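Here is the structure we will look at.
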């Protein structure tokens, strides 16, 4: 969805890529994250883990909004969205590798 934002050349395509694809992708990732936290953490740590997860979303928005705004002002918006898409893909790749290691060695807390 984010890569589609950078490649969109019309408002209609941008609405589809950002509104539908990004929205679905973020919702699916967020629900998987909550499910993983809920099922993998001990009962005494569930509240704090889910609280940190929700707080992380707010902190991420507070940090990324000014960065993306400054980047879009310095460059074109499509290039900013492509750079952001690459950053998100690299981040998700690191998270996936971390989860594989956690599952392999059985360590979580």
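In the numbering used here, the protein residues as written are 1 to 109.
We treat Cβ as the ideally placed atom computed from N, Cα and C, and that holds for glycine.
As the structure is a prediction and not an experimental result, all values here were calculated from the model.
Quiz item: By a C-beta neighbour count over all protein chains shown, 10 Å radius and 16 as the cutoff for buried, is residue 80 buried or exposed?
Solution: With a 10 Å radius around the Cβ and a threshold of 16 neighbouring Cβ atoms, residue 80 comes out buried.
Quiz item: According to the neighbour-count rule (16 or more other Cβ atoms, all chains shown, within 10 Å of its Cβ), is residue 84 buried or exposed?
Solution: Per the 10 Å Cβ criterion, buried.
Self-check item: Supposed contact pair residue 53 and residue 33 - C-beta distance, whole angstroms, cut 8 Å
Solution: That pair is a contact at about 6 Å.
Self-check item: Bounding residues of the alpha helix (DSSP H) (the contiguous stretch that carries residue 3)
Solution: Unbroken alpha helix (DSSP H) run through residue 3: 2-7.
Quiz item: Would residue 41 count as contacting chain D if we go by Cβ distances under 8 Å?
Solution: Reference to chain D is not applicable here, since this structure consists of a single protein chain.
Quiz item: Assuming residue 82 contacts residue 19 under a Cβ cut-off of 8 Å, what Cβ separation, rounded to an integer in Å, is found between them?
Solution: Not quite, the Cβ-Cβ distance comes to about 18 Å (not below 8 Å), so this is no contact.
Exercise. Using beta-carbon positions only, say whether residue 88 and residue 2 come within less than 8 Å of one another.
Key: Contact flag set, yes.
Quiz item: Which whole-angstrom value describes the C-beta separation of residue 17 and residue 27, a residue pair presumed to lie in contact below a C-beta threshold of 8 Å?
Solution: The pair is not a contact, with the Cβ atoms about 15 Å apart (cut-off 8 Å).
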